[in-house]
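What follows is a set of notes on a single structure, which appears directly below.
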Amino acid sequence: MTGDPAGLADPADAVRSDSAEERSSRAATVPDMDRFLAAAIAEAEAGLAAGGIPIGSVLVVDGEIAGRGHNQRMQKGSVVLHAEMDCLENAGRLPASVYRRATLYSTLSPCSMCTGAILLYGIPRVVVGERRTFQGPQHLLEEAGVDVTVVDDPRCRELMTDFIAANPTLWNEDIGEE
Ligand SMILES: [Zn+2]
Numbered sequence: 001m002t003g004d005p006a007g008l009a010d011p012a013d014a015v016r017s018d019s020a021e022e023r024s025s026r027a028a029t030v031p032d033m034d035r036f037l038a039a040a041i042a043e044a045e046a047g048l049a050a051g052g053i054p055i056g057s058v059l060v061v062d063g064e065i066a067g068r069g070h071n072q073r074m075q076k077g078s079v080v081l082h083a084e085m086d087c088l089e090n091a092g093r094l095p096a097s098v099y100r101r102a103t104l105y106s107t108l109s110p111c112s113m114c115t116g117a118i119l120l121y122g123i124p125r126v127v128v129g130e131r132r133t134f135q136g137p138q139h140l141l142e143e144a145g146v147d148v149t150v151v152d153d154p155r156c157r158e159l160m161t162d163f164i165a166a167n168p169t170l171w172n173e174d175i176g177e178e
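Just so you know, the sequence shown maps onto residues 1 to 178 in our numbering.
In structure tokens form, the structure reads like this:
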């Protein structure tokens with residue numbers, strides 16, 4: 001574990017992956033962590049636009065996004081597709097060796113279920129957009145040696161603050177509370 005807040009592959013990998021994707025001048029200058037958190041936020045916003053709970057997630061492997069997803073409680077009537085679970089599902093079946101060099105980004109602190117998935121697959125790094133509106137069992141990740149970075153991003157906070165204020169019952173359902 002290092003104190004590197006990005007916790008990602010070396011910059012050369014990111015440059016290489018950029019050249020294979022859409023390359024904008026902005027993407028080339030924004031640090032990897034911001035770029036990937038921005039992708040998770042875009043997922044959250046897509047979920048909100050579709051009538052869902054605005055939480056997004058991306059899985060990053062070797063400087064590239066290997067999967068992305070967002071909470072599907074409303075859209076699919078799913079009780080398990082939190083953003084992180086939807087992201088992992090969309091990334092598809094991966095060898096253990098791939099999870100073990102991955103970083104999972106989530107716009108919100110992972111809940112117990114998603115924490116369990118992170119531990120199950122041995123994902124070593126997690127970047128959390130914010131944990132003020134909901135705090136999952138981060139200590140379980142840290143006790144297992146997972147490197148957790150909390151960004152405290154204002155857009156992540158705003159998405160959840162607005163959603164919870166407008167939909168308190170729905171939010172409580174998502175986190176298993178009355
Ligand atoms: Zn969850």
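The beta-carbon is built from N, C-alpha and C at its ideal position, and this holds for glycine as well.
Computed from a predicted model, the values in this text were never measured in an experiment.
Which word fits residue i, buried or exposed, when buried means at least 16 other C-beta atoms lie within 10 angstroms of its C-beta?
i: I175; result: exposed
i: E158; result: exposed
i: E130; result: buried
i: A96; result: exposed
i: D192; result: There is no way to answer for residue 192, as the model of the chain reaches only from 1 to 178.
i: R68; result: buried
i: T115; result: buried
i: D152; result: exposed
i: H82; result: buried
Tell me whether the beta-carbon of residue i lies closer than 8 Å to the beta-carbon of residue j.
i: A44; j: T107; result: yes
i: V58; j: Y99; result: no
Is residue i helix, strand or coil by DSSP?
i: A66; result: strand
i: D34; result: helix
i: S57; result: strand
i: S112; result: helix
i: T133; result: coil
i: S106; result: strand
i: R93; result: coil
i: V98; result: helix
i: D147; result: strand
- Task: Anything with a beta carbon under 6 Å from a heavy atom of ligand 1 counts; list them all in chain order.
- Result: H82, E84, P110, C111, M113 and C114
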